[in-house]
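Colleague:
Number of protein chains: 2
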Amino acid sequence: MHFTKQDIENLDKQTRVHFINSLSGFKSANLIGTVDDQGQENLAIVSSVFHLGAHPPLIGMIMRPHSVPRDTLENILQTGQYTINHINADIVEKAHQTSARYNKDVSEFKAVGLTPYYTGSCIAPFVKESKLKMAVELKSTQTIELNQTVLVIGEITDVYLENDKAYCQDGFLDLEKLNTVSISGLDRYHTTSGLIRLSYAKPNEALHPLSIAPCK
Amino acid sequence: MHFTKQDIENLDKQTRVHFINSLSGFKSANLIGTVDDQGQENLAIVSSVFHLGAHPPLIGMIMRPHSVPRDTLENILQTGQYTINHINADIVEKAHQTSARYNKDVSEFKAVGLTPYYTGSCIAPFVKESKLKMAVELKSTQTIELNQTVLVIGEITDVYLENDKAYCQDGFLDLEKLNTVSISGLDRYHTTSGLIRLSYAKPNEALHPLSIAPCK
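Chains A and B supply the protein sequences, listed in that same order. With numbering that gives the first Met the number 0, the residue at position 78 of the first sequence is 77, and numbering never jumps. With numbering that gives the first Met the number 0, the residue at position 186 of the second sequence is 185, and numbering never jumps.
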């Protein structure tokens, strides 16, 4: 099956959105917690969070263009802080429901039935039900001129991990022990099964499996 | 378990790399096929490919800083073209092995045992063994000043899909029918199991499951 540029262009809008959203492969599934400068809470599901660097610990995400309301982005710009919370299999429906267009004065936490949780110096709310929560400090935003989406980059300042056993000897996290899910396309959720962990690759040297044994 | 900014800073370099790479959640697993202007082939595994927009169909990826050799990026800049190929469960080890630091004059295709495949007007090689292949035209590159990584953005011009049954009625692709895998951290590979596909969310309206029935 071959889709040319013209075939893609000819797809009706919704079909193209589903199709193109499926092409990048599996995506991360996170909830972004924010408040505005009046303390009004917001929670939004985002499938575009990606690793950007380990030192300093930077994480990126893509926000939609200004043509749609973007409470999350406005809140991040106002306060400079946000939380990133892994979505686990138990809260998939509630997480998905945060994508509905609620008015700005509605807290998605309350609307979907998730619990805001405050800790440490982060003024943004975490999701209590999430098993991996991060406090993030805004570092930069830049508009992608090609389509007016916005790349938001933050530095991870705190990590809260519910299950010690997910933390492996060498720093690797076993996301399956946290029931973290993955997204494909716009709207499908997946659990995962570990196939293999592989050693650092070198030319002319055979790979070997790595352990996922916990620290504790 | 709470990791503060200082705790993260205090981790030894390799532990921090594994840890921070685990935090964003599940990642896409793709092979990037390129040639230089002499036709020398290169193939590189990349876990940072992400969806950037459906109209035009844009796809992004992050490349490492100039301090390490970046044949893939140099080739893309020289030719303006590349291919993105989903990694499936059958080729995980070969795909991982492409991350070894081969000399520039070594084709990773040959070194790891994957088959370069040329079709259409794209001068970059596809991976024959991949079940979802895309031809991509470079649209822009921008350096992320915070850590000197490079955001590469391309437009998808062709999509080759091996299994018709993965193409669903509404444009969604069932990646599980293509055996596409997901990556966590630096080096773990996962297969997935579909939990649920959910309808477009609206305030005060219940979600319902969506079909993944194929078109054909």
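Backbone N, C-alpha and C fix where the C-beta goes; we use that ideal spot for every residue, glycine too.
#1: For a cutoff of 8 Å on Cβ pairs, would you count SER181(B) as touching chain A?
#2: Let me know the secondary structure DSSP gives SER139(B) once reduced to three states.
#3: The beta strand (DSSP E) with ASP157(B) in it runs from where to where?
#4: Taking only three categories from DSSP, how would you classify PHE25(A)?
#5: Note down, in chain order, every chain A residue with its Cβ under 9 Å from the Cβ of GLY170(B).
#6: Using beta-carbon positions only, say whether ILE195(A) and PRO213(A) come within less than 8 Å of one another.
#7: In chain order, what residues of the same chain have a beta carbon less than 7 Å from the beta carbon of SER21(A), not counting five sequence neighbours either side?
#8: Starting from the beta carbon of ARG100(A), find every residue of chain B whose beta carbon is closer than 9 Å, and list them in chain order.
#9: Is it the case that the Cβ atoms of ALA110(B) and CYS121(B) are separated by a distance below 8 Å?
#10: Between which two residues does the alpha helix (DSSP H) containing PHE108(A) stretch?
#11: Between the C-alpha atoms of VAL158(B) and ASP6(A), what's the straight-line distance to the nearest angstrom?
#12: How long is the line joining the alpha carbons of GLY170(B) and PRO55(B), rounded to whole angstroms?
#13: Let me know the secondary structure DSSP gives HIS54(B) once reduced to three states.
#14: Find the nearest neighbour of LYS219(B) within the set ASN203(B), GLU204(B) and THR190(B), judged by alpha-carbon distance.
#15: Using C-beta distances below 6 Å, list every residue in its chain close to LEU197(A), excluding the 5 sequence neighbours before and after it, in chain order.
#16: Quick check on DSSP: helix, strand or coil for PHE171(A)?
#17: Among SER139(A), LEU131(A) and ASN146(A), whose alpha-carbon lies nearest the alpha-carbon of LYS138(B)?
#18: With distance defined between alpha-carbon atoms, name the residue in ILE152(B), SER210(B) and PRO202(B) nearest to CYS167(B).
#19: Taking only beta-carbon positions, decide if HIS207(A) is within less than 8 Å of chain B.
#20: HIS65(A): buried (16+ other C-beta within 10 angstroms of its C-beta) or exposed?
#21: Chain A partners of ASN29(B), CB-CB under 9 Å?
#22: Buried or exposed for GLU154(B), please, with buried defined as at least 16 other CB atoms from any protein chain shown within 10 angstroms of its CB.
#23: Give the residues of chain D in contact with HIS95(A), contact being defined as C-beta atoms less than 8 Å apart.
#24: For LYS176(A), which of THR142(A), SER129(A) and THR33(A) has the nearest alpha-carbon?
#25: Does chain B have any CB closer than 8 Å to the CB of THR257(A)?
#26: Does LEU174(A) have its Cβ less than 8 Å from a Cβ in chain B?
#27: Any idea what DSSP makes of ARG15(A), helix, strand or coil?
#28: In the structure shown, what three-state DSSP assignment does VAL48(B) receive?
#29: For chain A, check one thing: does any of its Cβ atoms lie closer than 8 Å to the Cβ of SER47(B)?
#30: Is any beta-carbon of chain B found at less than 8 Å from that of VAL126(A)?
#31: Within the chosen definition, does the stretch 36-43 of chain A reach the stretch 91-104 of chain A through at least 3 CB pairs nearer than 8 Å?
#32: On the criterion of 16 or more Cβ atoms from any shown chain inside 10 Å, does SER181(B) qualify as buried, or is it exposed?
#33: Please list, in chain order, all residues of the same chain as TYR116(B) whose beta carbon is under 6 Å from its beta carbon, the five residues on each side excluded.
#34: Alpha carbon to alpha carbon, how far is ALA270(A) from GLY24(B)?
#35: Please classify VAL180(A): does DSSP put it in a helix, a strand, or coil?
#36: Measure the beta-carbon distance from ASN84(A) to THR33(A) and round it to whole angstroms, keeping in mind my assumption that it falls under 8 Å.
Modeller: Looking at the coordinates:
#1: At least one chain A Cβ lies under 8 Å of SER181(B).
#2: In the three-state DSSP reduction, SER139(B) falls in the strand class (E or B).
#3: Secondary structure note for ASP157(B): its beta strand (DSSP E) is the uninterrupted segment 148-160.
#4: Of the three classes helix, strand and coil, the one that applies to PHE25(A) here is coil, per DSSP.
#5: Residues of chain A passing the Cβ test: LEU10, ASP11, GLN13, THR14, ARG15, VAL16, HIS17, PHE18, ILE19, ASN20, SER21 and GLY184.
#6: With contacts defined as CB atoms closer than 8 Å, ILE195(A) and PRO213(A) fail to qualify as a contacting pair.
#7: Once the five neighbours on either side are set aside, the close Cβ partners of SER21(A) are SER183 and GLY184.
#8: Within chain B, the residues near ARG100(A) are ALA200, LYS201 and PRO202.
#9: By the CB criterion at 8 Å, ALA110(B) and CYS121(B) fall outside the cutoff.
#10: Element bounds for PHE108(A): 107-111.
#11: Computed Cα separation, rounded: 10 Å.
#12: For GLY170(B) and PRO55(B), the distance between alpha carbons rounds to 16 Å.
#13: Reduced to three states, the DSSP call for HIS54(B) is coil.
#14: Outside the modelled stretch of chain B, which goes from 0 to 215, sits residue 219(B), for which no answer is possible.
#15: Around LEU197(A): LEU206.
#16: Correct three-state label for PHE171(A): coil.
#17: Ranking the options by Cα distance to LYS138(B), first place goes to ASN146(A).
#18: Selected option, being the one with the closest Cα: SER210(B).
#19: Using a Cβ-Cβ cut-off of 8 Å, HIS207(A) does not count as an interface residue toward chain B, since no Cβ of chain B sits closer than that to its own.
#20: Exposed.
#21: Identification of chain A residues near ASN29(B) by a Cβ-Cβ cut-off of 9 Å yields SER23 and GLY24, ordered along the chain.
#22: Buried, by the Cβ-count rule.
#23: Structure shown: chain D not included; protein chains present are A and B.
#24: Of the listed residues, the one whose Cα sits closest to LYS176(A) is SER129(A).
#25: Nothing can be reported for residue 257(A): it is not among the residues displayed for chain A, which extend from 0 to 215.
#26: For LEU174(A), a Cβ of chain B is located within less than 8 Å of the residue's own Cβ.
#27: For ARG15(A), the three-state secondary structure derived from DSSP is helix.
#28: VAL48(B) carries a coil assignment under DSSP once its states are collapsed to helix, strand and coil.
#29: Output row for SER47(B): interface = yes.
#30: No Cβ of chain B is located within less than 8 Å of the beta carbon of VAL126(A).
#31: Below 8 Å, enough C-beta pairs join the stretch 36-43 of chain A and the stretch 91-104 of chain A to call them touching: three or more.
#32: That one is buried.
#33: These residues qualify, in order along the chain: PHE125 and LYS127.
#34: No information on residue 270(A) is available, as it lies outside the stretch 0 to 215 that chain A covers here.
#35: Secondary structure of VAL180(A) (DSSP, three-state): coil.
#36: With 8 Å as the limit, ASN84(A) and THR33(A) do not qualify as a contact, their Cβ atoms being about 11 Å apart.
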